[in-house]
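Colleague:
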Amino acid sequence: GMVNTDPRLKRINAVLLGLDVVSLTGLVHFTRGVESEVYLLYLLPILLSSYTFQRKGIYATALFVSLSYTSLLLVENASFLPFLVEQPTDAGLAAAYSHRLWGRILARSTMLVAVAFVWARFCQYMSGVAQQGANRLREQLDDNNRLMTELEDKARRETLINSINSALRTTLDLNQIFGTAADELARA
């Protein structure tokens, strides 16, 4: 099926997804952090996790993605934290900028976290739909294989019956030929 059950493969995939998220975090950092539009690529590891993991793994990936992005924004802008507690009118331009920056960080983080978990739910649902489709196809393939086996058996039986009929006809034809030949010889 689509969701693999081999524990070693799951561990390897978890490590690879973790490396993907760490790489994406570096990419977001080096492409202007909070201003970067590449943060949407964080949705890819969630999608990829739906091929290997079930619900728990998909949501764990969404959580890791959310924590990575939010932590990156907090660490990158930690120097502006002191200005956050001051009123914009008291500290001038730096405090005003800091308030706007933290508003943007909060908005971006909230949006990514919300989208990540909605996306995780969607990926989980679609993974289930794909699994059901794969199961139906497997059942149809099994049914088709059984039907083919039955048809091949029937064809073998019909071939055998035709061979027997042909042999019987040949035997009957020889008897008729011998009978006709005997009648002709008797008349002659």
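Just so you know, we're using my numbering here: the sequence shown kicks off at 6 and counts up by one.
Every residue gets a Cβ at the ideal spot worked out from N, C-alpha and C, and that includes glycine.
The model shown is predicted, which means the values in this text are computed figures rather than measured ones.
Buried or exposed for residue 62, going by 16 or more other Cβ atoms inside 10 Å?
Modeller: As a first step, residue 62 must be located in the sequence shown, where it is residue number 57. So residue 62 ends up on the buried side.
Colleague: Spatial neighbours of residue 110 within its chain, please: CB distance less than 7 Å, with the 5 preceding and 5 following residues excluded, ordered by chain position.
Modeller: As a first step, residue 110 is located in the sequence shown; it is residue number 105 there, counting from the start. In the same chain as residue 110, and ignoring 5 residues on each side of it, the C-beta atoms closer than 7 Å to its own belong to 39, 78, 82, in chain order.
Colleague: If we ignore side chains and look at the alpha-carbon of each, how far apart do residue 136 and residue 173 end up?
Modeller: Residue numbering aside, residue 136 sits at position 131 when the sequence shown is read from its first letter. Residue numbering aside, residue 173 sits at position 168 when the sequence shown is read from its first letter. Cα to Cα, residue 136 sits roughly 55 Å from residue 173.
Colleague: Less than 8 Å separating the beta-carbons of residue 117 and residue 71?
Modeller: For the purposes of this step, residue 117 is taken as residue 112 along the sequence shown, with counting starting at 1. For the purposes of this step, residue 71 is taken as residue 66 along the sequence shown, with counting starting at 1. Yes, Cβ-Cβ distance for residue 117 and residue 71 is below 8 Å.
Colleague: Between which residues of its own chain and residue 23 is the CB-CB distance below 8 Å, once the five residues before and five after are set aside?
Modeller: For the purposes of this step, residue 23 is identified with residue 18 of the sequence shown, where counting begins at 1. Excluding residues within five positions, the ones whose Cβ falls inside 8 Å are 69.
Colleague: Could you give the first and the last residue of the continuous alpha helix (DSSP H) run that contains residue 178?
Modeller: Taking the first residue of the sequence shown as 1, we reach residue 178 at position 173. Per DSSP, residue 178 belongs to the alpha helix (DSSP H) from 98-192.
Colleague: Given a threshold of 16 other Cβ atoms within 10 Å of its Cβ, counted over all protein chains shown, does residue 145 qualify as buried or as exposed?
Modeller: Looking up residue 145 in the sequence shown gives position 140. Exposed is the call here.
Colleague: For residue 166, does the count of other Cβ atoms within 10 angstroms reach 16, so buried, or fall short, so exposed?
Modeller: For this step, residue 166 is matched to residue 161 along the sequence shown. By the 10 Å Cβ count, residue 166 comes out exposed.
Colleague: Rounded to the nearest angstrom, what separates residue 153 and residue 171 at their Cα positions?
Modeller: Residue numbering aside, residue 153 sits at position 148 when the sequence shown is read from its first letter. Residue numbering aside, residue 171 sits at position 166 when the sequence shown is read from its first letter. Computed Cα separation, rounded: 26 Å.
Colleague: Quick check on the burial criterion: 16 or more other C-beta atoms within 10 angstroms. Buried or exposed for residue 6?
Modeller: Residue numbering aside, residue 6 sits at position 1 when the sequence shown is read from its first letter. For residue 6, the pLDDT reaches just 44, beneath the cut-off of 50, and the residue's location in the model is therefore unreliable, although a value from the coordinates is still provided. With fewer than 16 other Cβ atoms within 10 Å, it is exposed.
Colleague: Could you check the C-alpha separation between residue 66 and residue 147 for me, to the nearest Å?
Modeller: For the purposes of this step, residue 66 is identified with residue 61 of the sequence shown, where counting begins at 1. For the purposes of this step, residue 147 is identified with residue 142 of the sequence shown, where counting begins at 1. The straight-line gap from Cα to Cα measures roughly 35 Å.
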